[in-house]
Amino acid sequence: MPELPEVETVRRGLQPAMEGARFDKVELNRPDLRRPLPKDFVKRLEGRTVTGLGRRAKYLLADISSGDVLMMHLGMSGSFRVSKDDSVKTPGAYYHERSAARAHDHVVFHMSSGATITFNDPRRFGLMLLVPRAELADHPLMREVGPEPLGNAFDAAMLARACAHKKTSLKAALSDQKVVAGLGNIYVCEALHRARLSPKRSAATLATRTGKPLPRAEQLVAAIKDVLNEAIKAGGSSLRDHRRTDGELGDFQHNFRVYDREGKPCPTPGCRGTVRRIVQGGRSTFFCPVCQR
Ligand SMILES: [Zn+2]
Numbered sequence: 139m140p141e142l143p144e145v146e147t148v149r150r151g152l153q154p155a156m157e158g159a160r161f162d163k164v165e166l167n168r169p170d171l172r173r174p175l176p177k178d179f180v181k182r183l184e185g186r187t188v189t190g191l192g193r194r195a196k197y198l199l200a201d202i203s204s205g206d207v208l209m210m211h212l213g214m215s216g217s218f219r220v221s222k223d224d225s226v227k228t229p230g231a232y233y234h235e236r237s238a239a240r241a242h243d244h245v246v247f248h249m250s251s252g253a254t255i256t257f258n259d260p261r262r263f264g265l266m267l268l269v270p271r272a273e274l275a276d277h278p279l280m281r282e283v284g285p286e287p288l289g290n291a292f293d294a295a296m297l298a299r300a301c302a303h304k305k306t307s308l309k310a311a312l313s314d315q316k317v318v319a320g321l322g323n324i325y326v327c328e329a330l331h332r333a334r335l336s337p338k339r340s341a342a343t344l345a346t347r348t349g350k351p352l353p354r355a356e357q358l359v360a361a362i363k364d365v366l367n368e369a370i371k372a373g374g375s376s377l378r379d380h381r382r383t384d385g386e387l388g389d390f391q392h393n394f395r396v397y398d399r400e401g402k403p404c405p406t407p408g409c410r411g412t413v414r415r416i417v418q419g420g421r422s423t424f425f426c427p428v429c430q431r
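Numbering-wise (the numbering used here), the sequence shown opens with residue 139 and increments by one.
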């Protein structure tokens, strides 16, 4: 499942093709993705202009001149292909390669920018919805989404408050989209390693009894912001490579410190530990039992 840095790099890749451009033609090759596409989807988009392309958590949000917002989610396997003139690219930094099989091209936007934007999704867990802008904040998919980790409002005090009375592990708390938006298995493991905190530690230990942040909450917030910013930067750099025509892979995976590195030496300077894999909540967690406490 793509996490925040992947979605943000997709947004940056789509921006030049979509922002300020009109939907000249919209093609639907099937009636549904994870959910049915809106019945009047084509009619509500054709002839309208994208006034801005934003992101909230793992959702791409295209503001449409009609007052609607086009909500898009990549699901497990979704990707966008942008074709213009002779170049074809798939913006985004994915750990797993994306499909290029035309059979999975479900939605095609022909934009007045000259770009054709194709949504491809073999497993169809992706999503496209149209929501009036005024109703977006109360939409069931948006209502309970937690703070943006790269936003100014997300700090140690906020994280400590959210975790103070949790009975779960730090790994589970950070994976909870209500606590913080957009993190998944990869970046939770990476952030905890940077903060030298064990994924098994109780989430409540970030806060004092009264819910005030302890220094480890500060460390963790800094680690989350650093790892996401670095991953976005690495994904962004791969966008400049227009020569590759199928699944552009970001460079950040080469910088993983623990994720998918079971049995490798811990990269923390001076640490002689070995990266271990355990299963938490049905998902693999990678960590160093020596320097993560
Ligand atoms: Zn270590």
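For every residue, glycine included, the Cβ atom is placed at its ideal position computed from N, Cα and C.
- The alpha carbon of GLN418 has as its nearest neighbour, out of VAL326, THR187, LYS402, the alpha carbon of VAL326.
- Sequence-distant Cβ neighbours of LEU199 in its own chain, meaning closer than 7 angstroms and more than five residues away, are GLY192, ARG193, VAL207, MET209.
- Counting only the Cα atoms, CYS404 lies some 7 angstroms from VAL396.
- Ranked by Cα distance from LEU352, the first of HIS303, ARG399, ALA298 is ALA298.
- Spanning the alpha carbons of ALA239 and THR256 requires a straight line of approximately 11 angstroms.
- Close CB contacts of HIS211 within its chain, under the 7 angstroms cut and outside five residues either way in sequence, are with LYS196, TYR197, GLY264, LEU265 (chain order).
- Annotated as distal: ARG354 and LEU330, with beta-carbon spacing of 8 angstroms or more.
- Taking C-alpha positions only, MET156 is separated from MET214 by approximately 23 angstroms.
- When rounded, the separation of the alpha-carbon atoms in LYS338 and GLY320 is 20 angstroms.
- Taking the Cβ of CYS429 as the reference point, at least one heavy atom of ligand 1 falls within a distance shorter than 7 angstroms.
- Scanning LEU366, THR423, ARG410 for the CA closest to the CA of GLU141 turns up LEU366.
- Across the structure, MET139 and PRO229 are spaced so that their CA atoms are roughly 16 angstroms apart.
- In the displayed model, GLN315 falls within coil according to three-state DSSP, outside both helix and strand.
- Beta-bridge partners assigned by DSSP to ASN258: SER217, ASP243.
- Closest by C-alpha distance to PRO169, out of ALA345, GLU286, LEU267, ARG414, is LEU267.
- Around the CB of THR147, 16 or more other CB atoms lie within 10 Å, so the residue is classed as buried.
- Burial of THR423 is indicated by the presence of at least 16 other C-beta atoms within 10 angstroms of its C-beta.
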